[in-house]
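Chemist:
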Amino acid sequence: MSDKTRIEWTDATWNPVRGCTKITPGCAHCYAETFAERFRGVPGHPYERGFDLRPVPHKLFDPLRWTKPRMVFVNSMSDLFHKDVTDEYVMRVAEVMRVANWHTYQVLTKRSERLAAMLANELRDRAGESHVWWGVSVENRRHGLPRIEHLRAAPAVVRFLSVEPLLEDLGDVDLAGIAWMIVGGESGHGARPMAPEWVESLRDQCAAQGVRFFFKQWGGVRKAKAGRELDGRTYDEVPPPSVHPMPDARARAELIRDLESRFAATTS
304 MSDKTRIEWT DATWNPVRGC TKITPGCAHC YAETFAERFR GVPGHPYERG FDLRPVPHKL
364 FDPLRWTKPR MVFVNSMSDL FHKDVTDEYV MRVAEVMRVA NWHTYQVLTK RSERLAAMLA
424 NELRDRAGES HVWWGVSVEN RRHGLPRIEH LRAAPAVVRF LSVEPLLEDL GDVDLAGIAW
484 MIVGGESGHG ARPMAPEWVE SLRDQCAAQG VRFFFKQWGG VRKAKAGREL DGRTYDEVPP
544 PSVHPMPDAR ARAELIRDLE SRFAATTS
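For what it's worth, our numbering labels the leading residue of the sequence shown as 304, then goes sequentially.
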(Lines of atoms letter the chains of each structure in order from A and count residues from 1; the text may use other names and numbers.)
(Lines give C-alpha, C1' and ligand atoms only; values in the text may rest on other atoms or scores of the structure.)
Protein backbone atom coordinates (compact mmCIF):
# COMPACT_ATOMS: atom_id res chain seq x y z
CA MET A 1 0.00 0.00 0.00
CA SER A 2 2.15 2.96 1.16
CA ASP A 3 4.82 4.28 3.45
CA LYS A 4 2.08 5.64 5.73
CA THR A 5 -0.79 3.90 7.52
CA ARG A 6 -3.45 4.43 10.18
CA ILE A 7 -2.72 1.06 11.81
CA GLU A 8 -1.68 1.98 15.33
CA TRP A 9 1.17 -0.50 15.81
CA THR A 10 3.16 0.13 12.64
CA ASP A 11 4.38 2.96 10.40
CA ALA A 12 3.81 1.61 6.90
CA THR A 13 2.26 -1.24 4.96
CA TRP A 14 3.89 -3.13 2.08
CA ASN A 15 1.88 -5.46 -0.14
CA PRO A 16 3.96 -7.44 -2.65
CA VAL A 17 0.97 -9.84 -2.59
CA ARG A 18 -2.69 -8.84 -2.82
CA GLY A 19 -5.78 -10.85 -1.97
CA CYS A 20 -6.42 -13.90 0.17
CA THR A 21 -8.99 -16.60 1.04
CA LYS A 22 -10.81 -17.28 4.31
CA ILE A 23 -9.73 -20.24 6.43
CA THR A 24 -10.88 -19.73 10.06
CA PRO A 25 -13.46 -17.72 12.08
CA GLY A 26 -11.07 -14.78 12.41
CA CYS A 27 -11.45 -14.24 8.66
CA ALA A 28 -15.24 -13.93 8.69
CA HIS A 29 -15.38 -10.11 8.55
CA CYS A 30 -12.02 -9.48 6.87
CA TYR A 31 -11.41 -5.72 6.61
CA ALA A 32 -9.00 -6.22 3.71
CA GLU A 33 -11.54 -8.16 1.65
CA THR A 34 -14.25 -5.58 2.35
CA PHE A 35 -11.95 -2.80 1.20
CA ALA A 36 -10.67 -4.59 -1.90
CA GLU A 37 -14.04 -5.74 -3.17
CA ARG A 38 -15.30 -2.16 -3.30
CA PHE A 39 -13.03 -1.63 -6.28
CA ARG A 40 -13.58 -4.87 -8.20
CA GLY A 41 -14.02 -4.01 -11.86
CA VAL A 42 -12.70 -0.43 -11.55
CA PRO A 43 -10.23 -0.14 -14.45
CA GLY A 44 -6.69 0.69 -13.38
CA HIS A 45 -7.36 0.47 -9.64
CA PRO A 46 -4.89 -1.66 -7.61
CA TYR A 47 -7.89 -3.78 -6.58
CA GLU A 48 -9.53 -3.99 -9.99
CA ARG A 49 -9.52 -7.76 -9.42
CA GLY A 50 -11.02 -7.39 -5.96
CA PHE A 51 -9.57 -9.72 -3.35
CA ASP A 52 -8.37 -12.38 -5.80
CA LEU A 53 -4.93 -13.55 -4.70
CA ARG A 54 -2.00 -12.55 -6.90
CA PRO A 55 1.64 -11.54 -6.52
CA VAL A 56 2.48 -7.92 -7.31
CA PRO A 57 6.12 -8.00 -8.50
CA HIS A 58 6.30 -4.27 -9.22
CA LYS A 59 5.75 -3.62 -5.49
CA LEU A 60 8.67 -5.79 -4.40
CA PHE A 61 11.16 -2.95 -4.23
CA ASP A 62 9.02 -0.32 -2.50
CA PRO A 63 10.94 -0.50 0.82
CA LEU A 64 14.13 0.48 -1.03
CA ARG A 65 12.41 3.53 -2.53
CA TRP A 66 11.09 5.00 0.72
CA THR A 67 13.06 7.95 2.01
CA LYS A 68 13.35 7.08 5.71
CA PRO A 69 13.29 3.95 7.92
CA ARG A 70 9.90 2.52 8.81
CA MET A 71 8.24 -0.15 10.91
CA VAL A 72 6.63 -2.10 8.06
CA PHE A 73 3.60 -4.40 8.25
CA VAL A 74 4.15 -6.91 5.43
CA ASN A 75 1.05 -7.88 3.43
CA SER A 76 -1.63 -6.05 5.36
CA MET A 77 -3.89 -6.98 2.42
CA SER A 78 -2.86 -10.62 2.05
CA ASP A 79 -0.95 -13.50 3.68
CA LEU A 80 2.61 -14.17 2.53
CA PHE A 81 2.29 -17.86 3.45
CA HIS A 82 -0.91 -18.53 1.52
CA LYS A 83 -0.64 -21.89 -0.28
CA ASP A 84 -0.90 -20.20 -3.68
CA VAL A 85 2.11 -17.95 -3.10
CA THR A 86 5.08 -19.90 -4.43
CA ASP A 87 8.13 -20.64 -2.31
CA GLU A 88 10.22 -18.74 -4.86
CA TYR A 89 8.12 -15.61 -4.44
CA VAL A 90 8.21 -15.86 -0.63
CA MET A 91 11.99 -16.07 -0.89
CA ARG A 92 12.08 -12.93 -3.05
CA VAL A 93 10.07 -10.99 -0.48
CA ALA A 94 12.42 -12.27 2.23
CA GLU A 95 15.46 -11.26 0.18
CA VAL A 96 14.15 -7.71 -0.16
CA MET A 97 13.70 -7.61 3.62
CA ARG A 98 17.24 -8.88 4.11
CA VAL A 99 18.72 -6.26 1.80
CA ALA A 100 16.60 -3.30 3.01
CA ASN A 101 17.55 -3.93 6.63
CA TRP A 102 17.17 -0.32 7.77
CA HIS A 103 13.45 -1.04 8.08
CA THR A 104 11.88 -3.34 10.68
CA TYR A 105 9.39 -5.79 9.15
CA GLN A 106 6.34 -7.34 10.81
CA VAL A 107 5.26 -10.49 8.95
CA LEU A 108 1.89 -11.82 10.13
CA THR A 109 0.16 -15.02 9.01
CA LYS A 110 -2.66 -17.43 9.78
CA ARG A 111 -0.79 -20.14 7.85
CA SER A 112 1.50 -20.91 10.76
CA GLU A 113 2.48 -24.42 9.72
CA ARG A 114 3.95 -23.20 6.45
CA LEU A 115 5.65 -20.31 8.28
CA ALA A 116 7.31 -22.72 10.70
CA ALA A 117 8.31 -25.15 7.95
CA MET A 118 9.91 -22.46 5.77
CA LEU A 119 11.72 -20.79 8.68
CA ALA A 120 13.22 -24.17 9.53
CA ASN A 121 14.31 -24.78 5.94
CA GLU A 122 14.25 -22.34 3.00
CA LEU A 123 14.12 -19.26 5.25
CA ARG A 124 16.51 -20.56 7.90
CA ASP A 125 19.06 -17.81 7.15
CA ARG A 126 16.34 -15.16 7.46
CA ALA A 127 15.04 -16.44 10.80
CA GLY A 128 18.06 -15.05 12.61
CA GLU A 129 17.62 -11.48 11.43
CA SER A 130 16.50 -9.18 14.22
CA HIS A 131 14.91 -6.63 11.87
CA VAL A 132 12.35 -9.18 10.61
CA TRP A 133 9.63 -10.09 13.14
CA TRP A 134 7.51 -13.18 12.53
CA GLY A 135 3.98 -13.37 13.91
CA VAL A 136 0.73 -15.32 13.88
CA SER A 137 -2.93 -14.36 14.27
CA VAL A 138 -4.83 -15.72 17.27
CA GLU A 139 -8.62 -15.35 17.40
CA ASN A 140 -9.74 -18.28 19.57
CA ARG A 141 -8.45 -21.37 21.35
CA ARG A 142 -9.16 -23.93 18.64
CA HIS A 143 -7.34 -22.22 15.79
CA GLY A 144 -5.16 -19.65 17.52
CA LEU A 145 -3.39 -21.60 20.25
CA PRO A 146 -1.91 -24.19 17.83
CA ARG A 147 -0.52 -21.30 15.77
CA ILE A 148 1.39 -20.10 18.85
CA GLU A 149 2.97 -23.54 19.17
CA HIS A 150 3.97 -23.52 15.48
CA LEU A 151 5.50 -20.07 15.90
CA ARG A 152 7.35 -21.04 19.06
CA ALA A 153 8.88 -24.02 17.23
CA ALA A 154 10.18 -21.75 14.46
CA PRO A 155 13.76 -20.45 14.76
CA ALA A 156 12.94 -16.73 14.90
CA VAL A 157 14.63 -13.92 16.84
CA VAL A 158 11.45 -11.87 17.37
CA ARG A 159 8.05 -13.61 17.55
CA PHE A 160 4.77 -11.77 18.01
CA LEU A 161 1.02 -12.42 18.25
CA SER A 162 -1.85 -10.46 16.75
CA VAL A 163 -4.80 -11.39 18.94
CA GLU A 164 -7.35 -9.67 16.76
CA PRO A 165 -10.22 -10.12 16.52
CA LEU A 166 -10.29 -11.71 19.96
CA LEU A 167 -13.42 -13.86 19.85
CA GLU A 168 -13.32 -15.66 23.20
CA ASP A 169 -11.41 -16.07 26.45
CA LEU A 170 -8.12 -17.76 25.59
CA GLY A 171 -7.54 -19.03 29.12
CA ASP A 172 -3.96 -19.53 30.29
CA VAL A 173 -1.54 -18.97 27.42
CA ASP A 174 2.09 -20.10 27.36
CA LEU A 175 3.98 -17.07 26.07
CA ALA A 176 7.49 -18.50 26.31
CA GLY A 177 9.54 -17.22 23.38
CA ILE A 178 7.00 -14.53 22.46
CA ALA A 179 8.21 -10.93 22.49
CA TRP A 180 5.03 -8.99 21.78
CA MET A 181 1.23 -9.29 21.82
CA ILE A 182 -1.26 -7.04 20.03
CA VAL A 183 -4.88 -7.36 21.18
CA GLY A 184 -7.98 -5.89 19.60
CA GLY A 185 -11.69 -6.33 19.07
CA GLU A 186 -13.45 -6.70 15.76
CA SER A 187 -14.81 -3.54 14.13
CA GLY A 188 -17.31 -2.65 11.44
CA HIS A 189 -20.71 -4.04 10.45
CA GLY A 190 -21.55 -7.25 12.29
CA ALA A 191 -18.59 -6.94 14.68
CA ARG A 192 -18.52 -9.72 17.24
CA PRO A 193 -18.22 -8.50 20.85
CA MET A 194 -15.12 -8.76 23.01
CA ALA A 195 -15.41 -8.97 26.81
CA PRO A 196 -13.13 -6.74 28.94
CA GLU A 197 -12.10 -9.68 31.14
CA TRP A 198 -10.63 -11.51 28.11
CA VAL A 199 -8.38 -8.53 27.42
CA GLU A 200 -7.48 -7.99 31.06
CA SER A 201 -6.44 -11.61 31.40
CA LEU A 202 -4.07 -11.36 28.43
CA ARG A 203 -2.64 -8.07 29.67
CA ASP A 204 -1.92 -9.60 33.06
CA GLN A 205 -0.39 -12.72 31.53
CA CYS A 206 1.88 -10.59 29.36
CA ALA A 207 3.02 -8.65 32.42
CA ALA A 208 3.68 -11.86 34.35
CA GLN A 209 5.62 -13.47 31.49
CA GLY A 210 7.62 -10.44 30.35
CA VAL A 211 5.82 -9.88 27.02
CA ARG A 212 5.20 -6.40 25.64
CA PHE A 213 1.47 -5.65 25.36
CA PHE A 214 -0.27 -3.39 22.83
CA PHE A 215 -4.01 -2.81 23.09
CA LYS A 216 -5.24 -1.70 19.69
CA GLN A 217 -8.99 -1.16 20.08
CA TRP A 218 -12.29 -2.26 21.60
CA GLY A 219 -13.77 -2.33 18.11
CA GLY A 220 -17.49 -2.52 17.52
CA VAL A 221 -19.61 -0.73 14.94
CA ARG A 222 -18.29 2.63 16.19
CA LYS A 223 -14.71 1.78 17.01
CA ALA A 224 -13.59 5.41 17.27
CA LYS A 225 -16.16 6.06 19.98
CA ALA A 226 -15.22 2.88 21.86
CA GLY A 227 -11.59 3.95 21.82
CA ARG A 228 -8.57 1.99 22.97
CA GLU A 229 -8.24 2.69 26.68
CA LEU A 230 -8.08 -0.27 29.03
CA ASP A 231 -8.71 0.48 32.71
CA GLY A 232 -8.24 4.18 32.07
CA ARG A 233 -4.99 4.07 30.10
CA THR A 234 -3.53 3.08 26.75
CA TYR A 235 -1.05 0.25 26.24
CA ASP A 236 1.42 0.98 23.45
CA GLU A 237 4.32 -1.33 24.21
CA VAL A 238 6.37 -2.40 21.17
CA PRO A 239 9.75 -4.18 20.98
CA PRO A 240 12.57 -1.81 20.02
CA PRO A 241 13.17 -1.73 16.27
CA SER A 242 16.42 -3.01 14.83
CA VAL A 243 18.75 -0.16 13.84
CA HIS A 244 20.84 -0.32 10.67
CA PRO A 245 22.20 2.60 8.62
CA MET A 246 20.13 3.63 5.60
CA PRO A 247 22.05 4.01 2.31
CA ASP A 248 21.64 7.14 0.19
CA ALA A 249 19.36 7.24 -2.83
CA ARG A 250 22.09 6.27 -5.30
CA ALA A 251 23.10 3.23 -3.26
CA ARG A 252 19.47 2.15 -2.86
CA ALA A 253 18.95 2.42 -6.62
CA GLU A 254 21.97 0.19 -7.14
CA LEU A 255 20.54 -2.35 -4.71
CA ILE A 256 17.29 -2.39 -6.70
CA ARG A 257 19.18 -2.99 -9.94
CA ASP A 258 21.10 -5.84 -8.34
CA LEU A 259 17.93 -7.49 -7.02
CA GLU A 260 16.18 -7.07 -10.38
CA SER A 261 19.10 -8.75 -12.11
CA ARG A 262 19.25 -11.64 -9.66
CA PHE A 263 15.49 -12.23 -9.73
CA ALA A 264 15.47 -12.15 -13.54
CA ALA A 265 18.30 -14.69 -13.62
CA THR A 266 16.37 -17.15 -11.44
CA THR A 267 13.25 -16.76 -13.60
CA SER A 268 14.97 -17.39 -16.93
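Each residue gets a CB set at the ideal place from its N, CA and C atoms; glycine is no exception.
On a predicted model such as this, the values are computed, not experimentally measured, just so you know.
#1: What span of residues does the beta strand (DSSP E) with residue 601 cover, start to end?
#2: Apart from the five residues just before and just after residue 310, which ones in its own chain have a Cβ nearer than 8 angstroms to its Cβ?
#3: Relative to the C-alpha of residue 367, which candidate in 550, 569 and 565 has its C-alpha closest?
#4: Could you spell out the range, first to last residue, of the alpha helix (DSSP H) harbouring residue 560?
#5: Under the rule that 16 or more other beta-carbon atoms within 10 Å means buried, what is residue 554, buried or exposed?
#6: Determine the direct distance from the alpha carbon of residue 411 to that of residue 437, and round the result to whole angstroms.
#7: Report the partner residues of residue 485 according to the DSSP bridge assignment.
#8: For residue 365, which residues in the same chain have their Cβ closer than 7 angstroms to its Cβ, ignoring the five residues on either side in sequence?
#9: Consult DSSP for residue 539 and reduce its assignment to one of helix, strand or coil.
#10: Which same chain residues end up closer than 6 angstroms to residue 353 when comparing Cβ atoms and leaving out the 5 residues on each side of it in sequence?
#11: Who does residue 490 pair with in a DSSP beta bridge?
#12: Sorted by chain position, which residues of the same chain lie with C-beta nearer than 7 angstroms to residue 403's C-beta, five sequence neighbours on each side aside?
#13: Around the C-beta of residue 345, are 16 or more other C-beta atoms found within 10 angstroms, so that it is buried, or is it exposed?
#14: With a threshold of 16 other CB atoms inside 10 Å of the CB of residue 326, please say whether the residue is buried or exposed.
#15: Determine, using beta carbons only, whether residue 515 and residue 540 come nearer to each other than 8 angstroms.
Modeler: The relevant details are as follows:
#1: Within the shown structure, residues of the chain are numbered from 304 to 571, placing residue 601 beyond reach of any answer.
#2: 316, 376 and 379
#3: 550
#4: In the DSSP assignment, residue 560 falls within the alpha helix (DSSP H) that extends over 552 to 570.
#5: exposed
#6: Computed Cα separation, rounded: 6 angstroms.
#7: Note: residue 485 is bridge-paired with 465 and 517 in the DSSP secondary-structure output.
#8: 317
#9: strand
#10: These residues qualify, in order along the chain: 339, 340 and 343.
#11: DSSP, once it has assigned bridges, lists 523 as partnering residue 490.
#12: 366 and 367
#13: exposed
#14: exposed
#15: yes
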